[in-house]
Amino acid sequence: MRIRNPSRRLCDGCARQARCPPDPRRHRPVTHTEAILRAADDHLLAPYHPFDHDLTDRLVVASAEGVQITDTDGRTYLDAIGGMWCTNIGTGRDEMADAIAAQVRKLSFANPFTDMMGAPAVELASKLATLAPGDLNHVFFTTGGSTAVDAAFRLVQFYNGCLGRPEKRHILSREDAYHGSTYAAVSIGGKKSDHMAEFQYIDDIVHHLSSPNFYRHGAGRTEAEFAEFLFAEFEAKVSELGAENVAAFFAEP
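Residues in the sequence shown are numbered consecutively from 155, following the numbering used here.
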């Protein structure tokens, strides 16, 4: 319950107590960044947000150009990971903004289900097919990496179901691997920090093998010995499950 403060000479914290707490920050003007953070606390649910995390040092991005991002306090940073690994050409590119604007004006959305499609999607799929190696000639568009992994997981199940072998549905992956944040993708991923106790994951058909990170997990072995161990472990797991039951292996490049 919020206590009304008609005098407006005291902060809300003071109005709730008999005397003002010894915190001078309560009486200084709220900065633009602080106002945004308060609004975020009240209204924004962010992905991968630990609720018990120390929230005293958060970054609010206001703008970006090229490889730099600028926060609401005017400080600039090098965006070394490219956003979420998705701004490879940098930000603030006029040619990209112009192309997006032109397409939105012409056709901002077309139903892709059943007997409908958008001409631009067909054009892009055709171009990607010419660039892809071998017989990778079909493109399935998703909204991001996580949904791409989910789609691949479902396509594998569907493919084997169509061939009359529904038992061929087991998935192999690796510990420490990241494949996304959606339900199937995070289940296939092997990062322990992503598998929180508060959630349940697909664990009956998803199997995690050892991480191939030699630097972290290769102690006591040469690199060649570590590679042989990984190969042997993979073969043993396939033999344990039965090759006729293993549908796919998800691996980071």
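Every residue gets a Cβ at the ideal spot worked out from N, C-alpha and C, and that includes glycine.
Check the Cα spacing between A390 and each of T230, R370, S364 and R308: the tightest is with S364. With three or more CB-CB distances shorter than 8 Å, the stretch 224 to 233 counts as touching the stretch 183 to 193.
For the pair V214 and E382, the Cα-to-Cα distance works out to about 46 Å. Taking a 10 Å sphere around the C-beta of I325, we find 16 or more other C-beta atoms and assign the residue as buried. The beta carbon of A216 lies closer than 7 Å to those of T224, D225 and T226 in the same chain, with the five residues before and after it left out. Of E377, F294, A402 and G299, the smallest CA-CA separation from I359 is found for A402. Contact between F385 and G372 does not hold, since the beta-carbon distance rounds to 14 Å and is not under 8 Å. Partner residues in a beta bridge of L213, as assigned by DSSP, do not exist. Cβ atoms of H361 and Y355 stay farther apart than 8 Å, at about 12 Å. Annotation for S327: the continuous beta strand (DSSP E) segment containing it runs H324 to R328. Taking the Cα positions, P320 is about 23 Å away from V340. In the structure shown, the three-state DSSP call for G372 is coil.
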